[in-house]
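**Q** Numbering (my numbering), first residue to last: 161 to 219.
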């Protein structure tokens, strides 16, 4: 999951990932920034979804 979202990566056309803010059992939170008529910051939570029943049981 983390390999898709690295600092400098562009998501949603014009938001740039700045840094990883934190992580937990269900996902990772990133700080985003875009410059469009000013500087805007946002957070993106990427949620991990279990791929199999055994993965769910392990959690």
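Glycine included, C-beta positions come from ideal geometry on N, C-alpha and C.
For residue 169, collect the residues of the same chain with a Cβ closer than 6 Å to its Cβ; drop the 5 residues on either side in sequence, then sort them by chain order.
**A** Closer than 6 Å at the Cβ level, and outside the excluded window around residue 169, lie 177.
**Q** Run the CB neighbour count on residue 190, radius 10 Å, all protein chains shown included, and call it buried at 16 or more, exposed below.
**A** By the 10 Å Cβ count, residue 190 comes out buried.
**Q** Residue 217 by DSSP, collapsed to three states: which one?
**A** If DSSP states are grouped into helix, strand and coil, residue 217 belongs with the helices.
**Q** With distances taken between CB atoms, is the gap from residue 187 to residue 206 smaller than 8 Å?
**A** Yes, these two residues count as a Cβ contact at 8 Å.
**Q** Starting from the Cα of residue 164, find the closest Cα among 211, 199, 213 and 204 and give me that residue.
**A** Nearest of 211, 199, 213 and 204 to residue 164, Cα basis: 204.
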